[in-house]
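S.K.: Sharing a structure, written as structure tokens. Questions coming.
There are 2 protein chains.
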Amino acid sequence: MNHETEVFFGLLVVFAAAQIGAEVAQRLRLPALVGEIAAGCVIGPSVLDWVHVTEPLEMLSGLGAVLLLFSVGLENCIGDLRKVGGSATLVGVLGVIVPFVLGSAWAKWSGFDTPKALFIAAAFVATSAGVTARVLQELGVLDRTFSRIILGAAVIDDILAMLLLGVVSAIQSGGAIDVTHLLIVLGQAIAFIILIAWAGTHIMRRSSPILDAPINPFSALTLSLALCLALADAASYLGLAAIIGAFLAGLIAAETRQRETLSLQLQPILAFLVPFFFVVTGSQVDLAGLSELSTLGALAGITLLAVIGKLLGCGLGAWSLGRKSALIVGVGMVPRGDVGIIVASLGQHAGIINNETYTLLIAMVLLTTVVAPPLLSLILSREAA
Amino acid sequence: MNHETEVFFGLLVVFAAAQIGAEVAQRLRLPALVGEIAAGCVIGPSVLDWVHVTEPLEMLSGLGAVLLLFSVGLENCIGDLRKVGGSATLVGVLGVIVPFVLGSAWAKWSGFDTPKALFIAAAFVATSAGVTARVLQELGVLDRTFSRIILGAAVIDDILAMLLLGVVSAIQSGGAIDVTHLLIVLGQAIAFIILIAWAGTHIMRRSSPILDAPINPFSALTLSLALCLALADAASYLGLAAIIGAFLAGLIAAETRQRETLSLQLQPILAFLVPFFFVVTGSQVDLAGLSELSTLGALAGITLLAVIGKLLGCGLGAWSLGRKSALIVGVGMVPRGDVGIIVASLGQHAGIINNETYTLLIAMVLLTTVVAPPLLSLILSREAA
Chain A
1 MNHETEVFFG LLVVFAAAQI GAEVAQRLRL PALVGEIAAG CVIGPSVLDW
51 VHVTEPLEML SGLGAVLLLF SVGLENCIGD LRKVGGSATL VGVLGVIVPF
101 VLGSAWAKWS GFDTPKALFI AAAFVATSAG VTARVLQELG VLDRTFSRII
151 LGAAVIDDIL AMLLLGVVSA IQSGGAIDVT HLLIVLGQAI AFIILIAWAG
201 THIMRRSSPI LDAPINPFSA LTLSLALCLA LADAASYLGL AAIIGAFLAG
251 LIAAETRQRE TLSLQLQPIL AFLVPFFFVV TGSQVDLAGL SELSTLGALA
301 GITLLAVIGK LLGCGLGAWS LGRKSALIVG VGMVPRGDVG IIVASLGQHA
351 GIINNETYTL LIAMVLLTTV VAPPLLSLIL SREAA
Chain B
1 MNHETEVFFG LLVVFAAAQI GAEVAQRLRL PALVGEIAAG CVIGPSVLDW
51 VHVTEPLEML SGLGAVLLLF SVGLENCIGD LRKVGGSATL VGVLGVIVPF
101 VLGSAWAKWS GFDTPKALFI AAAFVATSAG VTARVLQELG VLDRTFSRII
151 LGAAVIDDIL AMLLLGVVSA IQSGGAIDVT HLLIVLGQAI AFIILIAWAG
201 THIMRRSSPI LDAPINPFSA LTLSLALCLA LADAASYLGL AAIIGAFLAG
251 LIAAETRQRE TLSLQLQPIL AFLVPFFFVV TGSQVDLAGL SELSTLGALA
301 GITLLAVIGK LLGCGLGAWS LGRKSALIVG VGMVPRGDVG IIVASLGQHA
351 GIINNETYTL LIAMVLLTTV VAPPLLSLIL SREAA
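Protein chains in written order, with UniProt numbering: chain A, 1 to 385; chain B, 1 to 385.
So, in structure tokens, the structure goes:
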């Protein structure tokens, strides 16, 4: 096979697997993404080994995640998010502290020294907004208060996780913690978010008339997509997750009068690209590394710990909303994402953790991702009934 | 910059440049793709050097071309194409012979020995259906007879070019031409096209009722996209251009009752991905290599030869349609594409041609691509007036 044939074959396998997985999941009344992640597990290296995550596939997966969060931002509005700012901050902060404490306790108990234990605990922290946002979107509850709190908390959570990673990396490398540097990084990130949210909204409200006389029916769409790529890149440059930038771009674009059109035109693009994100995520689960019973036990243990950490921390933060909503927020924050995987990869490359611990952490991150969506849809469907 | 930041930055630069280029071109009443290709030249290595064609970008560019030809197929139908089969074959065959003869004459005259001259001439042959199809699409004339002849001829042209490349490569490597192997390759390609066109159409007409009860509003879209990827990959596997497979997939999908819906839902995806194809194409023009006057003269010469070759060959083939349509078909077949670039690259790697000839051939291919669209829209707008 020449290179082009190979690249298209990879795309085809991933895309087709996603369609089959989504179809099966929806017939079982589960969110489509659960089927897509499961399909990824099956075609990934640990089962069928039909697909390897090459650079082009990784890029499509990243693009899928970015566009997904853009569309989530588009269905929200800054005013509504600001209303839940207090609760979201509380949820975000407690949702970082509790898993971090539980994670480091487990790592200490497993025999790691304190610097290593703190490093490992960092993998317990960061919520993946992408997965939960998609579940909430599929269930049509993005405009509910608990959804807004989850999305706001995910932004806070991401800032804190980035900060934490800086601290534990510094401790690990034995160097003194450069507080000034960390404060600058933190300041930049917060300034970026506030600036974009504030200035962007005002500019967008004014520029709306310009977009009203477009040169072609997709001018508003392509302009917003350029904005989305720009803010995703800026966020990534500042050390935040790219999807946070995309989410902000969506929030801003939602202030224009073209919101409805944008939302409609975005749907087919999402239908094409988002599945790549979930299948690639699923394909990274190394089931082979988990074949031993003792490893499975350890995995069950740390996954439970990771779930309890977010349930407790975030549930506590959202307690004022009532038990039901607190439970939804807690479960909604359970899926771990990119940051957990990045921490584990960093640790493995630096020789801080061995292959077994690496596989455990990656599997934990992905299990939280697989477990949360069905739980969330169960709780929400009961509420509806 | 970390890797993610860099990848998104590349996407952003290409996408933003495309929007600006398209806007400028449309204000000058030129097809948007002319502006996109020009924008690619400007941000490419030879001027601003803002973008390098990495693997992810190349993949998005390929995906853009594939989806574009899928949409062109969707706007056609096999029955109408079959009606122009005879003329299209004549245009395709003459459009390969005349440029090949002119190209080898030029190469002989330039001092290359016969095997090398035949190899170089192969770069003069293959039409890029993508560029012309987009121009015809933008001008809204895809349903005219000359458009159908151009599209049909492009398929024939692609088969012949593939065959020719096999022959000249064999001559070049000094080996005997393996006629059996060539016939097998040719037979496979033709069988593939006929099988897909015939069986696909019949299956699609039957499966339409299944698609009528979809599980979600994008089932028909995602199924067609999977079909498009599958046929593009199959075509590439058989040595044809991937876009020929995508075109066939579009033709088949056009037979379903969801044609209108598909066409509508595809538009935003095209608006997002097709610009990557044209900008990446433009970014490959190495203007720096063409700074010397003698080189510029040679370039003007071979480009003229390449244009005249197609005008004569294809125009002659379409003569029965009248002078006007013959001219449109001739100009429409002028843009050279991937195959020309592939031949030049093969020749350079194998040491058959030197860097200067390589740059000349690449520049010729791209110039034909830049020259044809404005000419075509000029001729067509006069016709409308």
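The beta carbon of each residue, even a glycine, is placed where N, CA and C say it ideally should be.
#1: Determine the chain A residues that contact Met-204(B) at a beta-carbon separation under 9 angstroms, and present them in chain order.
#2: So if I threshold CB-CB distances at 7 angstroms, which residues from the stretch 55-88 of chain B count as touching chain A?
#3: Counting only Cβ pairs nearer than 9 angstroms, list the residues of chain A close to Gln-265(B).
#4: For Gln-19(A), return the contacting residues in chain D, with the cut-off set at a CB-CB distance below 8 angstroms.
#5: For the alpha helix (DSSP H) that contains Gln-188(B), what are its first and last residues?
#6: Mind pulling the chain A residues with CB within less than 7 angstroms of Thr-5(B)?
#7: Output, in sequence order along the chain, the residues in the stretch 122-143 of chain A whose CB is closer than 9 angstroms to any CB in chain B.
#8: Since Ile-196(B) and Ile-252(B) should fall inside the 8 angstroms C-beta cutoff, what is the C-beta to C-beta distance between them, to a whole number of angstroms?
#9: So what's Thr-368(A) in DSSP terms, helix, strand or just coil?
#10: Using a cut-off of 7 angstroms between C-beta atoms, extract the partners of residue 397(A) located in chain B.
#11: Can you tell me which of the three DSSP states Thr-54(B) falls into?
#12: Just the C-alpha distance for Ala-350(B) and Thr-295(A), rounded to the nearest angstrom, thanks.
#13: Since Leu-68(A) and Val-331(A) are thought to touch, with beta carbons under 8 angstroms apart, how far apart are those beta carbons, to the nearest angstrom?
#14: Per the DSSP calculation, Thr-359(B) is bridged to which residue(s)?
#15: If we count Cβ pairs, one from each stretch, closer than 8 angstroms, do we get three or more for the stretch 118-136 of chain B versus the stretch 96-108 of chain B?
#16: Locate the alpha helix (DSSP H) running through Ser-283(A), then write down its first and last residues.
#17: At a CB-CB cut-off below 7 angstroms, which residues of chain B make contact with Phe-8(A)?
#18: Could you name the residues of chain A that Ala-16(B) contacts, counting a contact when the two beta carbons are closer than 7 angstroms?
#19: In angstroms with no decimal places, state the Cα-to-Cα distance between Arg-205(A) and Trp-198(A).
#20: Residues of chain B with CB closer than 8 angstroms to the CB of Phe-218(A), please, in chain order.
#21: Would you mind working out which of Leu-380(B), Arg-148(B) and Phe-9(B) sits nearest Asp-233(A), comparing C-alpha positions?
#22: Name the DSSP beta bridge partners of Thr-127(B), please?
#23: Since Pro-335(B) and Leu-33(B) should fall inside the 8 angstroms C-beta cutoff, what is the C-beta to C-beta distance between them, to a whole number of angstroms?
#24: Cα separation between Val-7(B) and Gly-44(B)?
#25: Going by C-alpha distance, which of Val-24(A), Leu-118(A) and Leu-227(A) is nearest Pro-99(A)?
#26: Assign Thr-132(A) to one of two classes, buried (16 or more other C-beta atoms within 10 Å of its C-beta) or exposed (fewer than that).
#27: Roughly how many angstroms lie between the CA atoms of Ser-263(A) and Ile-184(B), to the nearest whole one?
#28: Apart from the five residues just before and just after Lys-108(A), which ones in its own chain have a Cβ nearer than 6 angstroms to its Cβ?
#29: Only counting the same chain, and skipping five residues up and downstream in sequence, which positions put a Cβ closer than 6 angstroms to that of Val-343(A)?
#30: Which of helix, strand or coil does DSSP assign to Thr-5(B)?
#31: Ordered along the chain, which non-local residues of its own chain (more than five positions away) have a Cβ less than 6 angstroms from that of Val-135(B)?
#32: Verify whether the separation of the beta carbon atoms of Leu-361(A) and Phe-146(A) is less than 8 angstroms.
#33: Skipping 5 residues on each side, what residues in its chain have a beta carbon closer than 7 angstroms to that of Ala-39(B)?
#34: Of the choices Gln-137(A), Ile-352(A) and Leu-378(A), whose alpha-carbon is the least far from that of Thr-114(A)?
M.R.: Taking the structure as given:
#1: What Met-204(B) touches in chain A: nothing, since even the nearest Cβ is about 17 angstroms away.
#2: Glu-55, Pro-56, Met-59 and Gly-62
#3: Gln-267, Pro-268 and Ala-271
#4: The chain labelled as chain D is not found among the protein chains of the depicted structure, namely A and B.
#5: Where Gln-188(B) is concerned, the enclosing alpha helix (DSSP H) stretches over 179-195.
#6: Asp-233, Ser-236 and Tyr-237
#7: none
#8: 7 angstroms
#9: Helix at Thr-368(A).
#10: Residue 397(A) lies beyond the range of chain A shown here (1 to 385); nothing can be said about it.
#11: coil
#12: 53 angstroms
#13: Between Val-331(A) and Leu-68(A) the Cβ distance is about 19 angstroms, and since that is not below 8 angstroms, they are no contact.
#14: Residue pairing by DSSP leaves Thr-359(B) without any beta bridge partner.
#15: With a cut-off of 8 angstroms, the stretch 96-108 of chain B and the stretch 118-136 of chain B count as touching, because enough Cβ pairs lie within range.
#16: 259-283
#17: Leu-229, Ala-232, Asp-233, Ser-236 and Ala-242
#18: Taking a Cβ-Cβ cut-off of 7 angstroms, the neighbours of Ala-16(B) in chain A comprise Ala-226, given in sequence order.
#19: If you take the alpha carbons of Arg-205(A) and Trp-198(A), they lie about 11 angstroms apart.
#20: Ordered by position in chain B, the residues that pass the 8 angstroms Cβ test against Phe-218(A) are Gln-267, Pro-268 and Ala-271.
#21: Phe-9(B)
#22: Paired residues: Arg-336(B).
#23: About 10 angstroms separates the two Cβ atoms, so there is no contact after all.
#24: 16 angstroms
#25: Leu-118(A)
#26: buried
#27: 49 angstroms
#28: Ala-117
#29: So the list reads Ala-122 and Ala-123, once near-sequence residues are dropped.
#30: The answer is helix: DSSP assigns Thr-5(B) an H, G or I state.
#31: Pro-31, Pro-373 and Leu-376
#32: no
#33: Same-chain partners within the cutoff: Ala-17, Ala-18, Ile-20, Gly-21, Val-279 and Gly-282.
#34: Ile-352(A)
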